[in-house]
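A short worksheet on the structure shown next.
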């Protein structure tokens with residue numbers, strides 16, 4: 082095999098990329114170790130410190146002032162303590178790593194609690210539960226938490242109080258190689274809640290993993306859509322106007338449930354056809370697909386005339402409203418329930434952009450999320 086200039090350049094690039102990644106990973110493990118150990122010592126002091134009563138709730142403020150180091154302010158110390166409380170099991174990974182990269186002095190408690198190091202004493206006594214506690218099948222293995230999530234990921238995840246929800250985002254972040262910014266976006270878009278009520282959980286998971294924008298109408302239509310934020314009892318009798326009003330009162334949450342790219346345009350949009358007025362319940366514009374979406378709300382099971390009505394609105398928008406650089410409009414019919422065959426027969430031959438979805442007023446049980454995590458861990 083010849084060794085020319087291009088081979089030399091490519092080999093140097095490969096060395097640089099590989100070893101730089103290893104350095105970054107080692108730095109991240111060190112940061113996670115630092116954060117966990119600082120959190121551990123703070124909690125130990127709060128429980129056993131000789132003069133702890135002197136500082137009380139002002140401990141972190143006084144500690145930050147005494148340390149006086151950049152990156153170790155009161156807020157950071159609070160986050161480190163919170164991370165330790167949420168992830169005590171990380172000790173089984175942190176301690177061996179700390180012993181490998183440093184002397185044991187940083188693992189020695191500065192009080193009379195123990196004259197031995199964390200590595201051989203504290204892990205067996207004060208934190209013995211770390212070794213004896215068995216993780217549930219749906220929980221993230223400790224080695225994955227330590228090696229696959231950055232220190233910043235762990236600090237952010239420590240703010241999620243519900244263990245099941247936190248485990249869900251841990252595993253999705255690991256699987257999807259999410260940045261912290263992407264993790265924040267997924268949490269803000271209610272990905273956990275949407276996963277719970279999605280029929281095809283694997284499909285939703287794959288879409289999130291690819292981190293791509295929707296390019297087809299069928300990519301943005303969810304079924305079912307949860308409207309739990311409306312606070313409407315499932316058996317309550319309400320009119321379509323009341324349902325529409327409730328959605329508009331919580332429009333931001335409704336748009337999050339629909340997905341990215343939706344812009345609200347009109348409510349009860351008047352449409353004039355042959356001297357007769359019709360009203361489309363809700364009209365949106367999707368900035369990514371560059372098209373209008375017309376949403377019709379029904380408070381009962383799907384009926385074939387609903388599809389015909391929505392198809393008429395789509396054709397009106399196609400002929401009278403659509404601009405030259407727009408794509409054909411999308412119709413979304415929201416019903417409490419539907420039969421697949423009746424929907425197929427009623428919509429076959431109509432617009433390819435007409436979709437029927439059902440909505441739910443309650444989120445699924447946590448058992449469904451646990452099952453999903455156990456199947457994908």
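Numbering (this note's numbering), first residue to last: 82 to 458. C-beta atoms are modelled at their ideal positions from N, C-alpha and C, and glycine is treated no differently. Computed from a predicted model, the values in this text were never measured in an experiment.
query: In whole angstroms, what separates the C-alpha of residue 145 from that of residue 114?; result: 19 Å
query: Take residue 264 and list the residues in its own chain whose beta-carbon comes closer than 6 Å to its own, dropping the five residues that flank it on each side.; result: 254
query: Can you pull the DSSP bridge partners for residue 364?; result: 347 and 375
query: Out of 434, 417, 273 and 245, state which residue places its alpha-carbon closest to the alpha-carbon of residue 410.; result: 434
query: Which one of 439, 391 and 366 has the shortest CA to CA distance from residue 403?; result: 366
query: Is it buried or exposed for residue 360, if we count other Cβ within 10 angstroms and need 16 for buried?; result: exposed
query: Hey, which unbroken runs of the alpha helix (DSSP H) at 4 residues or more fall wholly within the segment 390-445?; result: 421-428
query: Does the contact criterion of 3 or more C-beta pairs under 8 Å hold for the segment 367-378 versus the segment 413-422?; result: yes
query: Check the C-beta distance from residue 161 over to residue 123 and give it rounded, since I have them as a contact under 8 Å.; result: 7 Å
query: Taking the alpha carbon of residue 260 as the point to measure from, which residue in 276, 249, 234 and 389 has its own alpha carbon closest?; result: 234
query: Would you tell me roughly how many angstroms separate the C-alpha atoms of residue 390 and residue 352, rounded to the nearest one?; result: 12 Å
query: Could you name the residues of the same chain whose beta carbon sits closer than 6 Å to that of residue 325, not counting the 5 residues immediately before and after it, in chain order?; result: 362 and 378
query: Can you give the beta carbon distance from residue 372 to residue 396, rounded, assuming they're within the 8 Å contact cut?; result: Incorrect: roughly 14 Å between the Cβ atoms, too far for contact.
query: Under the three-state reduction of DSSP, which class applies to residue 383: helix, strand or coil?; result: coil
query: Are the CB atoms of residue 332 and residue 343 nearer to each other than 8 Å?; result: no
query: Near residue 218, which residues of its chain fall below 6 Å by C-beta distance, leaving aside the five closest residues on each side in sequence?; result: 455
query: Just tell me which of 270, 230 and 262 has its CA closest to the CA of residue 251.; result: 230
query: Could you check whether residue 447 and residue 238 sit closer than 8 Å to each other, using their CB atoms as the reference points?; result: no
query: Pull the bridge partners of residue 357 from the DSSP assignment, please.; result: 354
query: How far does the alpha helix (DSSP H) with residue 160 in it reach, from first residue to last?; result: 155-167
query: Residue 158 and residue 141 look like a contact to me (Cβ under 8 Å); what is the Cβ gap, rounded to whole Å?; result: 5 Å
query: Check for me: the alpha helix (DSSP H) holding residue 143 runs from which residue to which?; result: 140-148
query: Am I right that residue 308 and residue 440 are in contact with their C-beta atoms under 8 Å? What's the rounded C-beta distance?; result: 5 Å
query: Is residue 328 helix, strand or coil by DSSP?; result: helix
query: Which of helix, strand or coil does DSSP assign to residue 369?; result: coil
query: May I have the straight-line CA-CA distance separating residue 90 from residue 107, to the nearest angstrom?; result: 26 Å
query: With a threshold of 16 other CB atoms inside 10 Å of the CB of residue 133, please say whether the residue is buried or exposed.; result: exposed
query: Where does residue 241 fall in DSSP's three states?; result: coil
query: Throw me the rounded Cβ distance for the residue 226 and residue 168 pair, which I believe falls under 8 Å.; result: 7 Å
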